[in-house]
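Note that our numbering has the sequence shown beginning at 2, numbered continuously upward.
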Amino acid sequence: GNALCLAAYNLMGKRLLVRVDPWTVMFYGFLFGGMFLTALWGGQGAVLPILPIQGWLIIVALAVFPSILAYGLYLMALRRLEASRAAIVATLEPILAAAWAWLALGEGLSVDQIMGGVLVIAGILVLRVRFDRRGVKQNV
2 GNALCLAAYN
12 LMGKRLLVRV
22 DPWTVMFYGF
32 LFGGMFLTAL
42 WGGQGAVLPI
52 LPIQGWLIIV
62 ALAVFPSILA
72 YGLYLMALRR
82 LEASRAAIVA
92 TLEPILAAAW
102 AWLALGEGLS
112 VDQIMGGVLV
122 IAGILVLRVR
132 FDRRGVKQNV
């Protein structure tokens, strides 16, 4: 399900970005996604938690930096790259998140996680070399 939704997001996003600004595409995506999730959440009888101001500031910071900034930058890249290329480069996200967690928080990485990261990076490099040999312009 997730792979199908991500593929649809990339392909539809690429088509929209031909004529619409990336930040506008993201705004409407978040708006309609938020409305859907609110209806789903509210339909279960859930209520907003009562949080101190610091709690709401953390929620806003989490919305702005990892969500809005990341999706906006991704859509800007998607506008310039082929959808397949942008999706391949996006596979670096969990590797970078794990690296930051290791550096900033002292999180441990298992051998499996390190090997998975190496395989993802190797796959990206192999695809880049393959495209270079065909003489295709590189934007990655």
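A virtual CB, placed ideally from N, CA and C, is assigned to each residue, including glycine.
Identify whether residue i lies in helix, strand or coil by the three-state DSSP scheme.
i: Glu94; result: helix
i: Gly2; result: coil
i: Arg129; result: helix
i: Val26; result: helix
i: Val121; result: helix
i: Val141; result: Here Val141 scores only 48 on pLDDT, less than 50, and its place in the model should not be relied on; the value that follows carries that caveat. Three-state DSSP puts Val141 in coil, outside helix and strand.
i: Leu32; result: helix
i: Arg16; result: helix
Under the rule that 16 or more other beta-carbon atoms within 10 Å means buried, what is residue i, buried or exposed?
i: Ala87; result: buried
i: Leu126; result: exposed
i: Leu76; result: buried
I believe residue i touches residue j by the beta-carbon criterion, under 8 Å. Please report the beta-carbon distance rounded to the nearest angstrom.
i: Leu110; j: Ala99; result: 6 Å
Whole alpha helix (DSSP H) elements within the stretch 37-119, 4-residue minimum: Whole alpha helix (DSSP H) segments, 4+ residues: 54-63, 71-81, 84-91 and 94-106.
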